[in-house]
Structure formats: C-alpha cells, structure tokens
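Start counting the sequence shown at 1; every next residue gets the next number (the UniProt record's numbering). Single-structure report; data block below.
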Amino acid sequence: PRAHPGHLHKARDGPCEFAPVVVVPPRSVHNVTGAQVGLSCEVRAVPTPVITWRKVMQSPEGTQALEELPGDHVNIAVQVRGGPSDHEATAWILINPLRKEDEGVYQCHAANMVGEAESHSTVTVLDLSKYRSFRFPAPDDRM
C-alpha cells in the first residue's frame, strides 16, 4: 500500500521495533580478593536483545580488545532472563571468588536487528594477600 500524506500505514501487529537502551547500567564495585561480586544490567528493546558481558582488555600493542565472558574462567558465571518489565531483559555476571586479575572494566553489550547499546562498569580489587602480615594492635595495646 502507498502512504498518503497525513495517513498512517500499519506495517505489522505488535509493538514498534527499537534499538536496545540500557535502562539500568551496571554499577562499579570495589571489593577484596576472595569475595563474591555481581554486576547487573537491564536493557529495553524490541525485538528482545541478545545481551553479552565482555571484559575490556589492553593488548601489548596498547589497542583495546574485548574478551567475551564467561569464556574459560571457572570463577565467572553469566545469566540472562526476560524482564522485569515488558520488552526488557536483565543480564548478570557473578565473579566468585574475586581475584586480582579480575580487576578491570566490564561491558554489558546488547544488540538486536535494529541496533546496539553498551554500558561499562569498573571492578576494583584489593589484594588481601599483601596485607596478611600486617598486625593491627589489640584494643588494649598502648601506643
């Protein structure tokens, strides 16, 4: 059918398609080695997007590379579910136990046939093994 000025044409039933939008971005976190850390990311899109977690890596040449997760990391799990609202999906990444080498920038990436979106968060890790030999004074110690 031809479009006429001032008239709308119904292309199909259902909601209008739109590119992913990150509605709740992941928060940056600080924690210690051995802890459990979780990041989450909520995305709205039609059709439902594919959400992936990636770690931003620096190559020896200084260029940026993305490592898709969980990869072969035994301490990393990724999960995605629909919701909490219509046309939304939520993705989580769980790092347990947290290691010093897990420190870095993590990317939540969402894509569908209309477009893509991404959001970043930083995981900062304090290595407790460097502080194990430090002795805190007992409350009754005199200084």
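Cβ coordinates follow ideal geometry from the N, Cα and C atoms, glycine included.
Looking at 10, 18 and 8, the one whose alpha-carbon comes closest to that of residue 114 is 18. Relative to the Cα of residue 121, the nearest Cα in the group 35, 106 and 129 belongs to 106.
For residue 107, the enclosing beta strand (DSSP E) covers residues 104-111. A distance of 8 Å or more separates the beta carbons of residue 48 and residue 83. If you draw a straight line from the Cα of residue 87 to the Cα of residue 46, it is about 6 Å long.
Judged by pairs of C-beta atoms under 8 Å, the region 67-81 touches the region 89-99, as three or more such pairs exist. Secondary structure remark: continuous alpha helix (DSSP H) runs of at least 4 residues inside the UniProt domain "Ig-like" (20-124): none found. Residue 90 sits buried, since 16 or more C-beta atoms from the chains shown fall within 10 Å of its C-beta. Contact check for residue 23 against residue 54 fails: the beta carbons are separated by 8 Å or more.
The Cβ atoms of residue 125 and residue 98 lie closer than 8 Å to each other.
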